[in-house]
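Okay, structure first, notes after.
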Amino acid sequence: MKRVLLLALLATLLLTACQGALLTPGAEDDCPLYALPFPRPEPDYSGKLVRDFAPFQAALDAYTPAQAEARATLVQDKTIPELQALMDDGDLTATDLVVYYLERIHRYDVDKLNAVLELNPAALEIAQALDDERAAGIVRGPMHGIPVLLKDNIATGDAMHTAAGAAVMLPWQPERDAFLVAQLRAAGAIILGKANLSEWANWMDSCMPNGFSTNGGQTQNPYGPYETYGSSSGSAVAVAADLTTVSVGTETQGSIIMPAAINSVVALKTSLGLVSRDHIIPLLPAQDVPGPLGRTVTDVAILLGAMTGVDANDPATTAAAALTGTDFTRFLLPDALAGVRVGVPVWTAALLDEYIDGLEIEDADVLAQLRAIMDANAATQQALAARLTAAGVTVVEFPITDLPEGIPIVDTLTAGYKAAINAFLADLGEAAPVASLAEIIAFNQADLANRAPYGQDHLEASQASDLSGAALESVLAENRATARARIDALFSRYNLDVVAADLGQLYAPAGYPALTVPAGYAADGTPQSLVLVGRYLAEPQLLAVGYAYEQATQARVAPDLDATTAQIEALSVTD
Numbered sequence: 018m019k020r021v022l023l024l025a026l027l028a029t030l031l032l033t034a035c036q037g038a039l040l041t042p043g044a045e046d047d048c049p050l051y052a053l054p055f056p057r058p059e060p061d062y063s064g065k066l067v068r069d070f071a072p073f074q075a076a077l078d079a080y081t082p083a084q085a086e087a088r089a090t091l092v093q094d095k096t097i098p099e100l101q102a103l104m105d106d107g108d109l110t111a112t113d114l115v116v117y118y119l120e121r122i123h124r125y126d127v128d129k130l131n132a133v134l135e136l137n138p139a140a141l142e143i144a145q146a147l148d149d150e151r152a153a154g155i156v157r158g159p160m161h162g163i164p165v166l167l168k169d170n171i172a173t174g175d176a177m178h179t180a181a182g183a184a185v186m187l188p189w190q191p192e193r194d195a196f197l198v199a200q201l202r203a204a205g206a207i208i209l210g211k212a213n214l215s216e217w218a219n220w221m222d223s224c225m226p227n228g229f230s231t232n233g234g235q236t237q238n239p240y241g242p243y244e245t246y247g248s249s250s251g252s253a254v255a256v257a258a259d260l261t262t263v264s265v266g267t268e269t270q271g272s273i274i275m276p277a278a279i280n281s282v283v284a285l286k287t288s289l290g291l292v293s294r295d296h297i298i299p300l301l302p303a304q305d306v307p308g309p310l311g312r313t314v315t316d317v318a319i320l321l322g323a324m325t326g327v328d329a330n331d332p333a334t335t336a337a338a339a340l341t342g343t344d345f346t347r348f349l350l351p352d353a354l355a356g357v358r359v360g361v362p363v364w365t366a367a368l369l370d371e372y373i374d375g376l377e378i379e380d381a382d383v384l385a386q387l388r389a390i391m392d393a394n395a396a397t398q399q400a401l402a403a404r405l406t407a408a409g410v411t412v413v414e415f416p417i418t419d420l421p422e423g424i425p426i427v428d429t430l431t432a433g434y435k436a437a438i439n440a441f442l443a444d445l446g447e448a449a450p451v452a453s454l455a456e457i458i459a460f461n462q463a464d465l466a467n468r469a470p471y472g473q474d475h476l477e478a479s480q481a482s483d484l485s486g487a488a489l490e491s492v493l494a495e496n497r498a499t500a501r502a503r504i505d506a507l508f509s510r511y512n513l514d515v516v517a518a519d520l521g522q523l524y525a526p527a528g529y530p531a532l533t534v535p536a537g538y539a540a541d542g543t544p545q546s547l548v549l550v551g552r553y554l555a556e557p558q559l560l561a562v563g564y565a566y567e568q569a570t571q572a573r574v575a576p577d578l579d580a581t582t583a584q585i586e587a588l589s590v591t592d
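Take the sequence shown: its letters are residues 18 to 592, numbered as in our numbering.
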C-alpha cells in the first residue's frame with residue numbers, strides 16, 4: 018500500500034498545473050473513456066449540432082485553393098496590429114479575413130477539432146459594413162474588422178444560440194447582447210460565432226471529458242494527442258488553430274488559464290469586475306469572470322481594452338472602474354517593468370533533501386524516481402528565473418514551500434451553481450426554456466443517452482445541496498477573504514507585484530487576475546506555459562511581465578493541423 022501511495026505521489030508530481038475535470042483515485046475504472054489515448058473519440062449519440070455554412074456558401078465556392086494559399090501567406094497567425102496595417106494599406110479587408118477563417122473552420126474544425134460550435138450567419142454582412150466604414154475613413158479603433166469567437170455561455174441578441182453547450186438551453190433566444198458583447202460590437206469587432214466548451218462550464222458530470230458538450234461534441238487539442246482542459250476549451254483551441262483572431266472565454270477556477278496553457282495561447286483571467294458578467298450563463302457568480310484569449314500578449318491586451326466598462330447590471334464593475342477604458346498596450350513597453358518584482362518559487366538543495374527525507378521512503382526505486390522528478394522540477398524553476406531575468410524582469414526567488422495552501426471550493430461550486438442557475442432562469446422569465454435546475458435534470462433524464470451521454474452527477478449533486486442563502490454567501494465571503502489574505506501575505510513578505518506560480522485554488526476565489534503565456538513544449542510535444550498571478554487589478558503588471566517574457570523567448574510554435582486532424586479522422590465511434 019505504501020508503494021502505491023508513493024507511486025501516486027510521483028504521478029501527481031508529473032502532472033502539469035493545468036488540471037481540468039477532477040478525477041478521484043480509481044476514476045479510470047468508473048470513467049472508461051479516461052483510460053483511452055488522445056484524441057478522445059465522441060460517444061455514440063445524436064445530440065451534436067450540424068454547423069451551418071449555408072449563409073457563406075457562395076463566398077466559399079468563389080474562394081479558390083490558390084486564393085486560400087495566398088491569403089494564408091498574408092494573414093496566418095498575424096497579430097491584430099499586423100492585420101490592421103494590412104487593412105489600412107488596402108491589402109486585406111474584414112470580409113477577406115472572415116472568409117479566410119470560415120474556410121479554415123470548414124477544413125479543420127467540422128467533426129475534427131470541434132472548437133467552433135456555431136457560426137454567426139451575419140458575419141459577412143457585418144464585415145462588409147465595417148469595410149464600408151473604413152473606406153469612408155471611419156476606423157473605430159484597433160478592433161475594427163477583427164473577428165472574435167465567444168464562449169457559448171455568453172449571450173448574443175442575434176440569430177445564434179446561447180446554450181452553454183446544453184441541449185436544454187437551445188430554445189432560448191437572448192433578447193439582447195451581454196454587456197461585453199455590446200462593447201465589442203461598438204469597438205468594431207465581428208462576432209464570428211460561438212466556441213465550444215465543457216458543458217455547463219465543466220459542471221455536468223465527473224466522467225465527462227474536458228472539451229465535450231452535447232451540442233458541440235468533443236473538442237480536440239490542435240497540437241496532437243493531448244488534453245484540452247476546460248471549460249473554455251473551444252475558445253483556446255480556435256485561437257491556437259487560427260480559426261479566429263481572438264476569442265473570449267470565462268473562468269470560475271482555471272477555465273481560461275488551463276485550456277489556454279495546454280493549447281499554447283495567451284490568456285488573461287481578469288480581476289473580478291474588470292469585465293462585466295452581465296448576461297452570461299453562470300456557474301458561481303462570486304468567481305465567474307470573462308477574459309480574452311489570443312496568440313500574443315499584444316492581442317490579449319487589445320481585446321481586453323475593448324471589453325472593459327462600468328455596467329449597471331454588474332455592481333462588481335464599479336470596483337474596477339480605475340482600469341475602465343484603459344489602453345492596455347501601453348504596458349507593453351520596457352519602462353512598464355520598472356519597479357515590478359516577480360516572485361519565483363524554487364527548490365533549493367537543502368529544501369529538496371529536507372522534503373524527501375521527511376517522506377521516509379524506504380523503497381529505493383521509488384526514492385530514485387522521486388529524486389529525479391524533484392531535481393527536474395528544481396531545474397525548471399531555476400531556468401524560469403533565469404529566463405525572466407534575461408527578459409529584464411526583477412526576479413525574487415523564494416522557497417517553494419512558502420507557496421500558500423489553496424482553498425477547496427467543491428462545496429461552494431455544488432451549492433452555488435444551484436442558486437445561480439435557478440436565479441438566472443428566473444430572471445429570464447417566460448423566455449427561459451425551463452424554470453429550474455430540477456427541470457434541467459428531468460429534461461436530460463428523458464433522453465439521457467443523447468442529452469447527457471456521460472451522465473449528470475454534478476447537476477444532481479447541486480440539486481441535492483442544501484447550502485443556500487445567507488449561509489452560502491457567508492462561506493463565499495470567507496473563502497474570498499481567506500484567499501486574499503494568503504496571497505497578500507506572500508506578496509507582502511517578499512515585496513512582490515507578481516508571482517510566477519499557478520495559484521488557481523487561491524486567485525480564483527480571491528477575484529485576482531492571472532495570465533498564461535506559452536513557454537515551449539515538452540519532449541513529447543505537450544505545450545508548456547508560464548502562469549503569472551497578481552493582486553486585484555494587477556493586469557498592467559501581468560501584461561508587462563508576460564510581454565517581456567514572450568518577446569524574450571518567442572516560445573510559441575503554430576500547430577500542424579494537417580497531422581492532428583488526420584489523427585482525429587482515424588478515430589472510430591465508441592460504444
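Beta carbons are placed, not taken as given, at the ideal position from N, Cα and C, and that holds for glycine.
Because the structure is a prediction, the values reported are computed rather than measured.
Partner residues in the beta bridge of Phe229, as assigned by DSSP, are Gln235. For the region 275–320, the continuous beta strand (DSSP E) assignments of 3+ residues that do not extend past its boundaries occur at 283–286, 306–311, in sequence order. Residue range 486–511 is occupied by the alpha helix (DSSP H) that includes Phe508. The alpha-carbon of Phe508 is positioned some 15 Å away from that of Ala498. DSSP places Tyr538 in no alpha helix (DSSP H) but in the uninterrupted beta strand (DSSP E) bounded by 531–538.
The Cβ neighbour count for Ile155, taken over all protein chains shown within 10 Å, is under 16; the residue is labelled exposed. Checking the DSSP bridge columns, you'll see Glu135 partnered with Lys211.
The three-state reading of DSSP puts Gln545 in strand, counting E and B together. A buried status is given to Pro60, since no fewer than 16 other beta-carbon atoms sit within 10 Å of its beta-carbon. Across the set Ala583, Pro425, Leu209, the C-alpha of Leu209 shows the shortest separation from the C-alpha of Ile122.
If you ignore the 5 residues before and after Gln480, its C-beta comes within less than 7 Å of the C-beta of Lys435, Leu454, Ala455, Ile458, all in its own chain and listed in chain order.
Counting only residues of its own chain and dropping the five nearest sequence neighbours on each side, Ala303 has a CB closer than 6 Å to the CB of Leu493.
Contact between Ala255 and Ile273 does not hold, since their C-beta atoms are separated by about 13 Å, which reaches or exceeds 8 Å. Relative to Ala367, the option among Thr231, Pro530, Ile143, Asp392 whose CA is nearest is Asp392.
Here the C-alpha atom of Leu520 lies approximately 15 Å from the C-alpha atom of Val363. In this structure, Asp259 sits away from Asp295, with a CB-CB distance that is not shorter than 7 Å. In chain order, His178, Ala180 place their CB closer than 6 Å to the CB of Leu187, counting only its own chain and leaving out the 5 sequence neighbours on each side. The DSSP-derived three-state label of Val383 is helix.
Going by DSSP, Val427 is part of the alpha helix (DSSP H) stretching over 427–445.
Rounded to the nearest angstrom, the Cβ distance from Leu349 to Tyr564 is 4 Å, consistent with a contact under 8 Å. In its chain, beyond the 5 residues on either side, Gly290, Val327 have a beta carbon closer than 8 Å to the beta carbon of Thr335.
Counting C-beta pairs with one atom in each stretch, the region 533–540 and the region 218–228 have fewer than three that are closer than 8 Å, which means they do not touch. Per DSSP, Val165 is one residue of the beta strand (DSSP E) stretching across 164–168. Here the C-alpha atom of Arg57 lies approximately 44 Å from the C-alpha atom of Tyr511. CA-CA distance, Arg347 to Arg88, rounds to 30 Å. In terms of Cβ geometry, Arg358 and Pro421 do not form a close pair [threshold 7 Å]. Boundaries of the alpha helix (DSSP H) around Val256: 250–257. For the 7 Å CB-CB criterion, Val383 and Val185 do not form a contact. DSSP, read as helix, strand or coil, puts Gly322 in helix. Tyr240 and Thr581 do touch by the CB rule: their CB atoms are close to 7 Å apart, below 8 Å.
Under the three-state reduction of DSSP, Arg202 is assigned to helix.
Considering only Ile426, Thr341, Ile163, Arg468, the residue with the shortest C-alpha distance to Tyr524 is Ile426.
For Thr267, the beta-bridge partners assigned by DSSP are Pro307. For Asp126, same chain residues with a beta-carbon under 7 Å away, outside a window of 5 residues either side, are Ala132, Val133, Leu260 in chain order. Sequence-distant Cβ neighbours of Leu109 in its own chain, meaning closer than 6 Å and more than five residues away, are Leu103.
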